[in-house]
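Enquirer:
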Amino acid sequence: MIWNNSEDDIAQAAKAIRAGKIVAMPTETVYGLAANALDPEAVKGIFRAKGRPADNPLIVHIADYGDLERYAIPTDLSRRLADRFWPGPLTMILRKKDCIPSVVSAGLPSVAIRLPAHKTAQTLIRLSCCPLAAPSANLSGKPSGTTAQHVVHDFGDRIAGVIDGGPCQCGLESTVISLLEDRPILLRPGFVTPAELREELPDLKIANAVERELEQDEKALSPGLAHRHYAPAADTVGLLGRAEDAADYIVRSGNASSCAVMCFDGEESCFSDQADIILPYGKRGDPISQGERLFEVLRRLDESSVNRIFVNCERSEGVGLAVYNRLLRSCSFQMIKV
Ligand code: TXA
Ligand code: MG
């Protein structure tokens, strides 16, 4: 079932949620696969539909600031961050209250909470009369869904339906920050940038796994940092540097046949001799434009029959850290400076 954005349709979707079913909803970041966070059986259905490992906890979505205190133990910092960044693409990890079932938190004593800015998501949460547990709406390990069509492609009839809110504005998942320790830790970069967070949290730490692969004996601070993620089936390699140098690298590596290239807008012609498929994913130096299209392009390539994908990329700050973090994982950390 595909619902539209009208109040009547959202009410139908909320009815499905109240009946213990799973509904995909648009948010400003990516689509979420939502169920009643207080109903363990409904939440188990999310894990089954995604093929998500049971050790990877879910974000609980709320529509009113006051609800944070119903499901988590607030701190001075969480109140300040909520005032500044909510509603919006920031998720906070806090100690959980007992009403949050352990299937949601994957057995951890903490819970991730977010108040999304998307009006449809807010309306769905309010009409459902419960908080919504929702991971990104994609099969586990695959690029996140940023349109209703992506969700239909991945889940079809295995969920009650999707509310079509058009393409997501950010295109990348929320910034995740843990407030469990003395020092706040950035676990996943997103549209709320480290510089913005540091205005409120001068001692913010960035988790090692944000920018590099964990060592074998290193423990992930968040289960999601350890799992394979955002990856197309084809072997995917990141090429950091200028388009001309990336094209040279592809020729030298002898991979010019049956490969695809993801490049920056306007640089397609640099690769025309090197690849069967060339898809631009945004402007060089403009990570916001890259974030909008990244998952869409990764998904398109995943449906093609190429066996190798090269991604020309750059490493930058701000939202650029979020794009780089997702690409590192899409490339299974195969990132080469050219
Ligand atoms: O933008 C978003 O955050 C989207 C939309 C739907 O809200 N949701 C999303 O959920 O990206 P998901 O499940 O794909 O990513 C949530 C991340 C995972 O890496 C998970 O491991 C981490 O948050 N996480 C959730 N609860 C946690 C907890 N209690 N402790 C540590 N990490 C947690
Ligand atoms: Mg996800």
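With the numbering used here applied, the sequence shown corresponds to residues 756 to 1093, in that order. Each residue gets a CB set at the ideal place from its N, CA and C atoms; glycine is no exception. Bear in mind that the values here come from a model prediction, so they are computed numbers and not experimental data.
1) Run the proximity test for Glu999: is its beta-carbon closer than 7 Å to any non-hydrogen atom belonging to the ligand MG?
2) Alpha carbon to alpha carbon, how far is Ser1087 from Asp958? Give it in angstroms, no decimals.
3) What are the partner residues of Phe946, as DSSP defines its beta bridges?
4) Check whether the region 1065-1075 touches the region 1013-1026, counting contact only when three or more Cβ pairs, one atom from each stretch, lie closer than 8 Å.
5) Mind checking whether Gly920 and Leu1049 have CB atoms under 8 Å apart?
6) Confirm, please, whether the CB-CB distance from Val1078 to Pro1035 is below 8 Å.
7) Is Arg1054 close to the ligand TXA? I mean its beta-carbon at under 7 Å from any heavy atom of the ligand.
8) Could you check whether the Cβ of Glu928 sits closer than 7 Å to any heavy atom belonging to the ligand MG?
9) For Thr830 and Leu849, I'd like the C-alpha separation in whole angstroms.
10) Taking one C-beta from the region 776-783 and one from the region 908-922 each time, how about it: are there three or more such pairs within less than 8 Å?
11) For Ser865, verify whether its CB is less than 7 Å away from any heavy atom of the ligand TXA.
12) Can you check DSSP and say which residues form a bridge with Cys1014?
13) On the three-state DSSP scale, how would you describe Thr930?
14) Which runs of the beta strand (DSSP E) fall wholly inside the region 984-1040 and span at least 3 residues, in chain order?
15) Can you name, in chain order, every residue of its own chain whose Cβ lies under 7 Å from the Cβ of Arg839, other than the five neighbours on each side?
16) In the DSSP assignment, find the alpha helix (DSSP H) that holds Arg1054 and state where it starts and stops.
17) List the whole-angstrom C-beta distance separating Ala888 from Val798, where the pair is believed to meet the contact cut-off of C-beta under 8 Å.
18) Going by the C-beta, is Pro844 closer than 7 Å to any heavy atom of the ligand MG?
19) CB-CB under 7 Å to Arg938, same chain, minus the five flanking residues each way: which ones, in chain order?
20) Ignoring anything shorter than 3 residues, give me the beta strand (DSSP E) runs that lie fully in the region 836-909, in order along the chain.
21) Closest to Leu1083 by C-alpha separation, out of Ala998, Arg1039, Asn1062, Glu968, would be which residue?
22) Three-state secondary structure (DSSP) at Val965?
23) Any idea which residues DSSP pairs Ala789 with across the strands?
24) Nearest CA to the CA of Ser929: which residue from His873, Asp972, Leu976?
25) Report all residues from its chain with a CB closer than 6 Å to the CB of Ile855; omit the five preceding and five following residues, and keep chain order.
26) Let me confirm a value: Ala1030 is counted as buried when at least 16 other C-beta atoms fall within 10 Å, else exposed. Which label applies?
Expert: Let me spell this out:
1) no
2) 30 Å
3) Per DSSP, none; premise fails for Phe946.
4) yes
5) no
6) no
7) no
8) yes
9) 8 Å
10) yes
11) yes
12) Arg1063
13) strand
14) 990-995, 1014-1018, 1032-1035
15) Glu955
16) 1042-1058
17) 5 Å
18) no
19) Asp958, Lys960
20) 845-850, 865-869
21) Glu968
22) helix
23) Val778
24) His873
25) Tyr826, Val866
26) buried
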